[in-house]
Amino acid sequence: MNDLKKTFMAGFFVLLILLLTPYYLQFIGYESATEVTQEEKAEEPVVEEKLQQEPSSFSPVPPTGQGVSVLETTFSVESPLYQAAVSTVGGGSFQNYVLVQDGTNKYLGGYTDQGLYQDSINVSLILNKEKQCAPCVGVVYDGISEVLNSPFTIKSNSALGLDGALLINSGDSVVIEMEYKDSRFIIHKNTTFLGGSFATEHMIKAQDIGGQLEQLFLVWDKGLRNTEKNLYDDVQTYSAAYISYNKEVEDLWFAPSSINEKTNPISYNGAIDWAAIRTKYFIASFVPREADLAVVDGEPYMLNNSEVVPSYSAAVFSSKKTLNSTLYVGPLDIDHVGKLNTSLDRIMNFGWFIIQPFSRGVLWLLKALHSFGLNYGVILILFAFLIRIVTGPLMKKSFESSQNMQTVQPKLKKLQEKYKNDSQKLNQEMVKLYKEEGVNPLGGCLPMLLQMPLLFSLFLVFRSTIEFRGAPFFGWISNLAQPDTIFYLPFNIPIYGDQVAFLPILLGISMFLTQKMSMASMDSQQKPMMYIMSAFFFLLFNSFPSGLNLYYLVYNILNYMQQKSLKKA
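Structure, rendered in structure tokens:
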């Protein structure tokens, strides 16, 4: 068997092992990587010195004082952006929170209360119906953390209609005043609902009667309902809880595979910027005016009979007798999140600090083009042409450098044979040859490296921007945020999945043709591995959003056409 066949067979078996490994691990009963990670994480300090485990819990502990018995009242809130049901328990807690359509389909599609996915329902963000707080007021009294998950009294309800409905027009704001009386303290809470925002303002003031009130806090323990059909991608990649302090961000990631799994909370004792929980496209976040402690935690939750998802909780604390905080519950949309005047937009995954300016620029241009009424699918195609215009000269430079390297290959081989026993002399002669021939051995790589930040930013933005959610293109491509599935398989293929999407097939063909052309002068032993890489990306991109695949398909076609024209020249 010659070297070419050996290399091809080796690559084939590597790919086969990769595909069969999950089945083998399941057969022998091996624990998943997530489980091992969580066990290891439990043995490590949560976050270096700054993060503490205090208070040890902010679980809903009922108040121990002699509070006045008050009946629970529920009222509805209808704004141009959302419709919600609010209970007086905890000082005003959302029992339901549904987004209103904005002329697009990006707020359509999600899971019902029974955990069934439906494309036609409005996005509903409350997950854990068993919990009470979204949010609730809490206190730390005499060293004990208590969630006031009892009804408050509405002190001012003039804004409520006879049917208990609160109607807010865009630009308006309505304040609901509530009060909780206890033998130890009295809590006054004002909640301001804003007609043109997904944010509500929560202002809490305490009168300490017993003299042992140490902290006030707000807690959200209902989690966020997942909204994507690809639940694995939503949970494994995006769902998490975060604490931000001094512009630094710590995250808690938890992907339970059973209802019995546990995770450790993380906390930070100091000036808090914000605390948040998120899914792929939506977020719930506290943005306090002054808070000196934040805690986030997670627990498993049965979304339906077979799927276990994380249910995150978050709380912010103040050691003063007042606590003022904005609560944002809505989409991860830069237009809405940016109005909070905080660093919360860092949660949107713009990449490393080198890539972030490119990512933000790409998102700005994307939204600017759409403001002219262009379909997002058309915009993605325009982006492919635009990026080819920008990177085309770099690709040409890289191609010319590769061609120059090919011309000196015979001379390089002679030098390698002549000085095969003297590596120092060989390096000297190679440098001399490069100077004489005017060839830069890095000339083919440098142009590629220069465009990497831009290409990475495109990948990040196109894969996770909410602008593509529910956005149609044409024909079978009805949602640019989901794969363009044409039919489903009766079984699941590792990496590939169980759906068959059409754009990844075209993308795989374009990658194969491009690589075949670029490898014409490549060492024959390297070609099989390149083809295997093409096959791997074909499998991987099958589960990616159709918008991302559409962009890469057009980009690859333009790349192929450029390489073909350069070869003719």
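In my numbering, the protein residues as written are -4 to 564. Each residue gets a CB set at the ideal place from its N, CA and C atoms; glycine is no exception.
Open item on the list: With a threshold of 7 Å on Cβ separation, who are the neighbours of V434 within its own chain once the five nearest residues in sequence on each side are excluded?
Closed with: In the sequence shown, counting from the first residue as 1, residue 434 sits at position 439. If we look at V434 and ignore the five residues flanking it on each side, its Cβ neighbours are N399, M400, V403.
Task: Spatially closest choice to K124 from Y296, K200, A236, by CA coordinates - done: Looking up residue 124 in the sequence shown gives position 129. Selected option, being the one with the closest Cα: Y296.
Task: T386 - containing alpha helix (DSSP H), residue span - done: As a working note, residue 386 is residue 391 in the sequence shown. Unbroken alpha helix (DSSP H) run through T386: 371 to 402.
Open item on the list: On the CB-based measure, 16 or more other CB atoms within 10 Å of its CB, does K427 come out buried or exposed?
Closed with: Taking the first residue of the sequence shown as position 1, residue 427 is located at position 432. Burial call: exposed.
- [ ] Return the residue from the list D493, M198, L501 that minimises the CA-CA distance to V170.
- [x] By 1-based counting over the sequence shown, the position of residue 170 is 175. The shortest C-alpha separation from V170 is found at M198.
Task: C-beta atoms of Y555 and T509 nearer than 8 Å - done: The sequence position of residue 555 within the sequence shown is 560, counting from 1. The sequence position of residue 509 within the sequence shown is 514, counting from 1. Closer than 8 Å, so yes.
TODO: Output the distance between the C-alpha atoms of F147 and F454, rounded to the nearest integer angstrom.
DONE: The residue given as residue 147 occupies position 152 in the sequence shown. The residue given as residue 454 occupies position 459 in the sequence shown. The alpha-carbon separation between F147 and F454 amounts to approximately 48 Å.
Open item on the list: Once DSSP output is grouped into helix, strand and coil, what is the label at A496?
Closed with: Here residue 496 corresponds to residue number 501 of the sequence shown, with the count starting at 1. Note: A496 maps to strand in three-state DSSP.
Open item on the list: Determine whether the beta carbon atoms of L543 and F451 lie at a separation below 8 Å.
Closed with: Along the sequence shown, one-based indexing puts residue 543 at 548. Along the sequence shown, one-based indexing puts residue 451 at 456. Contact: no.
- [ ] Decide if Q33 is buried, meaning its Cβ has at least 16 other Cβ atoms within 10 Å, or exposed.
- [x] Against the sequence shown, residue 33 aligns to sequence position 38. Confidence in Q33 is poor, its pLDDT being 39 and thus under 50, which makes the residue's placement unreliable; the coordinate value appears in the next sentence. Buried is the call here.
Task: Candidates I376, E73, A466: closest to D167 by CA position - done: Here the question's residue 167 lines up with position 172 in the sequence shown. Per the Cα distances, E73.
TODO: Say whether the segment 348 to 355 touches the segment 308 to 326, bearing in mind that this needs 3 or more beta-carbon pairs closer than 8 Å, one atom from each stretch.
DONE: no
TODO: Give the single residue among Q90, S115, F531, D108 whose Cα lies nearest to the Cα of Y102.
DONE: For the purposes of this step, residue 102 is taken as the residue at position 107 of the sequence shown. Answer by Cα proximity: S115.
TODO: Flag this pair as yes or no: are the beta carbons of A266 and P305 separated by less than 8 Å?
DONE: Here residue 266 refers to the residue found at position 271 of the sequence shown. Here residue 305 refers to the residue found at position 310 of the sequence shown. Not closer than 8 Å, so no.
TODO: Go to S306, then tell me how far its beta strand (DSSP E) extends in each direction, as first and last residue.
DONE: Working through the sequence shown from its first residue, we reach residue 306 at position 311. Per DSSP, S306 belongs to the beta strand (DSSP E) from 303 to 313.
Open item on the list: Please identify the residue among S253, A289, K362 whose C-alpha is closest to the C-alpha of S239.
Closed with: The residue given as residue 239 occupies position 244 in the sequence shown. Ranking S253, A289, K362 by Cα distance to S239 puts A289 first.
TODO: Following the continuous alpha helix (DSSP H) through D114, name the residue where it begins and the one where it ends.
DONE: Residue numbering aside, residue 114 sits at position 119 when the sequence shown is read from its first letter. Segment 112 to 117 is the beta strand (DSSP E) holding D114; no alpha helix (DSSP H) there.
Task: From L445, Y414, L407, M447, residue whose alpha carbon lies closest to that of Y429 - done: Within the sequence shown, numbered from 1, the residue matching residue 429 stands at position 434. Ranking L445, Y414, L407, M447 by Cα distance to Y429 puts L407 first.
Task: DSSP three-state assignment for F353, whether helix, strand or coil - done: On the sequence shown, position 358 is the one that residue 353 refers to. F353: helix per DSSP, three-state reduction.
Open item on the list: Could you compute how far the alpha carbon of S393 sits from the alpha carbon of I382?
Closed with: Residue 393 sits at position 398 when you count from the first residue of the sequence shown. Residue 382 sits at position 387 when you count from the first residue of the sequence shown. Taken atom to atom, the span from the alpha-carbon of S393 to that of I382 is near 16 Å.
- [ ] Taking Y429 as part of the alpha helix (DSSP H), name the residues at either end of that continuous run.
- [x] Counted from its first residue, the sequence shown places residue 429 at position 434. First-last of the alpha helix (DSSP H) with Y429: 418 to 432.
Task: As assigned by DSSP and simplified to three states, the class of Y555 - done: For the purposes of this step, residue 555 is taken as residue 560 along the sequence shown, with counting starting at 1. Three-state DSSP puts Y555 in a helix.
Open item on the list: Please identify the residue among L484, G85, T386, A271 whose C-alpha is closest to the C-alpha of V65.
Closed with: Start at 1 with the first residue of the sequence shown, and residue 65 comes out as number 70. Nearest C-alpha to V65: G85.
Task: For V95, three-class secondary structure by DSSP - done: Against the sequence shown, residue 95 aligns to sequence position 100. It is coil, neither helix nor strand.
- [ ] Go through its chain and collect everything with a Cβ distance to L553's Cβ below 8 Å, but skip five positions before and after it.
- [x] For the purposes of this step, residue 553 is taken as the residue at position 558 of the sequence shown. Taken in chain order, the residues that qualify are A379, F380, R383.
TODO: At 4 residues or longer, and completely inside the segment 189 to 277: list those alpha helix (DSSP H) runs for me, N to C.
DONE: Within the segment 189 to 277, no complete alpha helix (DSSP H) run reaches 4 residues.
- [ ] Using the Cα positions of S529 and Q494, report the straight-line distance between them to the nearest angstrom.
- [x] What you label residue 529 is simply residue 534 of the sequence shown in a count that begins at 1. What you label residue 494 is simply residue 499 of the sequence shown in a count that begins at 1. One C-alpha to the other measures close to 19 Å.
Open item on the list: Rounded to the nearest angstrom, what separates F212 and E141 at their Cα positions?
Closed with: The residue you call residue 212 lines up with position 217 of the sequence shown. The residue you call residue 141 lines up with position 146 of the sequence shown. Cα to Cα, F212 sits roughly 9 Å from E141.
Task: Run of the alpha helix (DSSP H) containing D330, from where it starts to where it stops - done: Within the sequence shown, numbered from 1, the residue matching residue 330 stands at position 335. Residues 329 to 332.
- [ ] Determine the DSSP secondary structure at S145, reduced to helix, strand or coil.
- [x] Taking the sequence shown and counting its residues from 1, one reaches residue 145 at position 150. If DSSP states are grouped into helix, strand and coil, S145 belongs with coil.
Open item on the list: Once DSSP output is grouped into helix, strand and coil, what is the label at A129?
Closed with: Numbered from its first residue, the sequence shown carries residue 129 at position 134. A129 sits in coil when the DSSP states are folded into three classes, being neither helix nor strand.
Task: V460, DSSP secondary structure in three states - done: Your numbering for residue 460 matches position 465 in the sequence shown. Note on identity: in this sequence residue 460 is Thr, with Val being the wrong assignment. Reduced to three states, the DSSP call for T460 is coil.
Task: L361 beta carbon less than 8 Å from that of R220 - done: In the sequence shown, counting from the first residue as 1, residue 220 sits at position 225. In the sequence shown, counting from the first residue as 1, residue 361 sits at position 366. The answer is no: Cβ separation not under 8 Å.
Open item on the list: DSSP three-state label for A286, please.
Closed with: As a first step, residue 286 is located in the sequence shown; it is residue number 291 there, counting from the start. Coil, per DSSP.
TODO: Output the distance between the C-alpha atoms of G104 and S396, rounded to the nearest integer angstrom.
DONE: Residue mapping note: residue 104 aligns to position 109 of the sequence shown, counting from 1. Residue mapping note: residue 396 aligns to position 401 of the sequence shown, counting from 1. About 50 Å.
Open item on the list: Looking at P467: is its Cβ nearer than 8 Å to the Cβ of A496?
Closed with: For this step, residue 467 is matched to residue 472 along the sequence shown. For this step, residue 496 is matched to residue 501 along the sequence shown. Not a contact, by the Cβ cut-off of 8 Å.
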